[in-house]
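Single-structure report; data block below.
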């Protein structure tokens with residue numbers, strides 16, 4: 072009796088410890104759920120054209136996935152061929168079998184239990200050494216990830232946006248993380264409501280960072296959480312002070328002022344020279360510019376007179 | 016040598032007729048508008064450079080601002096159509112500010128107006144960089160920026176018409192080339208600034224760059240007609256600087272202010288023809304540019320290559336505008352410039368009509384090249400033809416009136432085309448509509464110009480016949496007027512001395 076109570080006590084301790092361990096490590100994946108009831112089933116079949124082919128499979132929920140490979144064979148169609156399944160390059164145990172030629176085709180089929188992130192990956196069915204079909208099982212990825220950094224100003228508010236395409240399945244929730252040293256640390260707006268704000272919509276999420284400081288620069292990770300796994304995207308935030316663009320601006324303004332002053336001064340000095348020269352030669356001189364002089368002296372059919 | 020009294024009259028008439036014939040060949044505008052001969056070179060080329068900068072900023076800024084829109088949209092949380100309205104408000108203000116700009120240019124001359132325009136644009140961008148709401152951006156960039164640009168545009172065109180006559184098409188072509196050149200340089204610059212400083216810093220620096228319009232304005236030295244101010248009351252109309260005859264100027268300025276929009280222009284047949292043609296062109300001109308990348312992507316071209324089509328068009332445009340100016344300046348084309356303009360408009364329309372046949376990327380590139388060529392030709396000539404029609408005196412008010420009327424088709428064109436795409440789900444109807452409207456405009460211009468020139472010739476021969484009959488009587492009368500001195504000096508003028516109206520000039524041999 073005491074032994075079983077001790078066992079129970081240890082089991083409880085283990086549970087408590089396990090829960091602690093789970094919350095301490097900032098792992099983005101949720102712990103694998105115990106399947107409640109029979110899993111849904113799905114089938115993916117591919118008919119091979121050529122030597123090898125890759126098929127992307129989007130997995131959102133836990134599923135019993137049947138992968139089916141069909142190959143028409145090569146020129147000498149042997150009655151038997153070895154079929155093999157691999158996951159991420161490693162041979163799956165007990166998957167090697169002999170495939171019979173039926174209806175001029177070789178067929179390989181296997182059911183996989185996809186319940187957690189470890190079950191995702193690259194599954195391949197191989198026909199001997201000649202033909203191969205790859206199935207890439209993964210949670211939906213974010214297509215439009217911004218590669219250029221977002222620029223924010225000190226004291227201003229920055230808006231960081233992450234979006235999953237409309238065509239892809241929507242995540243159950245979104246999480247935000249920040250790089251802290253080498254770990255990703257989750258951003259919880261509840262802890263600092265005046266600094267962070269998260270606005271979630273089904274297919275996109277916005278992180279607002281108020282009262283920016285230069286320390287806020289760095290990588291921010293948005294995580295789209297699906298029952299099976301989580302996909303991450305990252306955006307870089309750069310915080311600069313207002314003086315950074317102000318320096319080129321002031322340089323340009325100074326250049327403009329110098330040029331305008333130079334042009335106007337040059338013009339005034341030239342007109343003074345003209346006026347002085349004109350005064351010396353004739354009292355009734357015209358206020359001509361040099362060009363006008365030349366133009367008027369030349370005869371031309373363009374001359375227009377008031378008659 | 017003095018000739019008998021009758022002879023000057025005869026000489027005056029024949030010479031007058033010869034001159035009128037020559038200038039009439041050049042343009043339908045009245046030939047006696049300028050009291051002085053424009054420079055056609057020298058400092059004029061520096062002025063063209065200034066106009067190039069000014070016009071370049073005016074046309075390229077509303078287009079390149081769209082690079083910032085995505086960032087502004089994310090930051091301010093506005094919808095895409097709200098953001099796109101900024102560009103539309105800026106373009107609308109730029110075109111609608113035409114009449115105000117005309118009045119200011121006629122009163123103060125081009126230089127102060129362009130400098131004020133550059134200052135307004137700079138200030139608008141700088142204040143916009145601090146904005147936090149979309150309405151604030153509408154006010155700063157849209158209204159203040161747009162008004163600044165309209166001052167720039169009108170004043171730059173006017174000063175070209177003051178400095179050039181014989182080489183005016185070339186000068187216009189070179190100045191209008193500013194638009195594609197600036198688009199080519201400012202667009203990548205904006206991308207770089209956006210990545211480095213974000214949209215606020217970029218707007219700040221863009222505002223600084225627009226202050227360079229003030230430098231362009233400083234280069235636009237006012238034209239001083241070659242005469243003593245006090246004696247020549249006739250020269251007043253063309254003088255740019257206020258002088259002793261201030262009171263007379265003030266009176267004319269008030270008259271101008273009362274009629275911001277000079278509706279007497281509508282009585283001018285040539286003006287109405289030009290207006291209808293250019294309105295039809297503007298209606299269909301901008302929609303293909305807006306929708307070309309989307310159409311290309313629809314035909315299966317990848318996104319990067321589709322955007323490249325517009326760059327090809329802009330690059331071709333850059334060289335075609337001065338080239339067209341050069342061609343239009345030649346002695347075969349210059350007298351027939353209105354026909355050349357109508358040909359360019361019809362060519363543009365035909366390109367659009369043929370676009371739905373272009374299904375592959377190579378053919379789309381060919382279309383982009385021809386589109387660039389025709390677009391450049393039209394825009395190089397569009398203001399030159401107006402100058403040709405209206406002459407120097409009426410050009411500032413005419414261009415103000417034309418731009419404010421062009422505001423409507425410009426704002427209605429792309430949304431109408433977009434609506435057509437939405438209901439038909441096919442881009443070809445857009446191109447067919449734009450192409451047909453523009454081609455109709457071109458053909459209309461061509462036919463109506465034939466009619467106009469025919470009517471002008473008829474009117475001119477009628478007037479000449481009248482003048483010949485009344486020349487004898489006129490000559491006797493002229494001797495009795497205060498300008499008798501001018502008449503007496505006619506024989507000396509014929510000897511090749513300066514032919515200005517003021518007596519003092521002729522009496523002092525140079």
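Chains as they are written, first to last, in the working numbering: chain A, 72 to 378; chain Y, 16 to 525. Every residue gets a Cβ at the ideal spot worked out from N, C-alpha and C, and that includes glycine. Predicted model, so just to flag it, every value in this text is computed and none were measured.
Interface criterion met: the Cβ of residue 338 (chain A) is under 8 Å from a Cβ in chain Y. Listed along chain Y, the residues sitting closer than 9 Å to residue 335 (chain A) by beta-carbon distance are 233. For residue 320 (chain A), a Cβ of chain Y is located within less than 8 Å of the residue's own Cβ. DSSP lists A:142 as the bridge partner or partners of residue 177 (chain A). For residue 88 (chain Y), the enclosing alpha helix (DSSP H) has its first and last residue at 84–91.
Counting C-beta atoms within 10 angstroms of its own C-beta, residue 133 (chain A) has 16 or more neighbours from the protein chains shown and is therefore classed as buried. Of the other Cβ atoms in all chains shown, fewer than 16 fall within 10 Å of the Cβ of residue 377 (chain Y); this residue is therefore exposed.
Of A:175, A:253, A:207, A:216, the smallest CA-CA separation from residue 190 (chain A) is found for A:207. Comparing alpha-carbon positions, the option among Y:149, Y:193, Y:57, Y:295 lying closest to residue 420 (chain Y) turns out to be Y:295.
Going by beta carbons, residue 105 (chain Y) and residue 146 (chain Y) fall outside the 8 Å limit. Rounded to whole angstroms, the gap between the alpha carbons of residue 154 (chain A) and residue 209 (chain A) is 24 Å. Contacts between residue 323 (chain A) and chain Y, judged by CB atoms closer than 8 Å, involve 220, 223, 224, 226, 227 in chain order.
Within chain Y, 212, 216, 219, 220 have C-beta atoms less than 7 Å from the C-beta of residue 316 (chain A), given in sequence order. Boundaries of the beta strand (DSSP E) around residue 206 (chain A): 202–209.
Judged by their CB atoms, residue 302 (chain Y) and residue 424 (chain Y) are not nearer to each other than the 8 Å cut-off.
What residue 230 (chain Y) touches in chain A, judged by beta-carbon distance under 9 Å, is 326, 327, 330, 331, 334, going in chain order. Counting the other CB atoms within 10 Å of its CB gives residue 173 (chain Y) a total of 16 or more, which places it among the buried residues. At a cut-off of 8 Å between beta carbons, residue 89 (chain Y) contacts chain A. For the stretch 192–226 of chain A, the residues whose beta carbon sits under 8 Å from a beta carbon of chain Y are, in order, 219, 220, 221, 222, 223, 224. With contacts defined as CB atoms closer than 8 Å, residue 202 (chain A) and residue 242 (chain A) fail to qualify as a contacting pair. By the rule that beta-carbons nearer than 8 Å mark a contact, residue 230 (chain A) touches chain Y. Secondary structure at residue 299 (chain A): coil, using DSSP grouped into helix, strand and coil. When DSSP reads this structure, residue 256 (chain A) sits in a beta bridge with A:249. Closest in alpha carbon position to residue 64 (chain Y), among Y:189, Y:88, Y:407, is Y:189.
For residue 114 (chain A), the enclosing beta strand (DSSP E) begins and ends at 112–118.
Residue 464 (chain Y) places its beta carbon less than 8 Å from that of residue 357 (chain Y).
Exclusion of the five residues before and after residue 290 (chain Y) leaves 417, 420 as the residues of its chain whose Cβ lies within less than 7 Å of its Cβ.
Contact holds between the stretch 220–230 of chain A and the stretch 281–290 of chain A, because three or more Cβ pairs, one in each stretch, are under 8 Å apart. Following the DSSP letters along the chain, one finds residue 408 (chain Y) inside the alpha helix (DSSP H) bounded by residues 376–439.
Annotation: Cβ neighbours of residue 236 (chain Y) in chain A (cutoff 7 Å, chain order): 338. Counted as a single uninterrupted DSSP element, the alpha helix (DSSP H) harbouring residue 136 (chain Y) occupies residues 125–143.
Counted as a single uninterrupted DSSP element, the alpha helix (DSSP H) harbouring residue 358 (chain Y) occupies residues 352–369.
DSSP, read as helix, strand or coil, puts residue 69 (chain Y) in helix.
DSSP, read as helix, strand or coil, puts residue 318 (chain Y) in helix. Secondary structure of residue 187 (chain A) (DSSP, three-state): coil. The DSSP-derived three-state label of residue 459 (chain Y) is helix.
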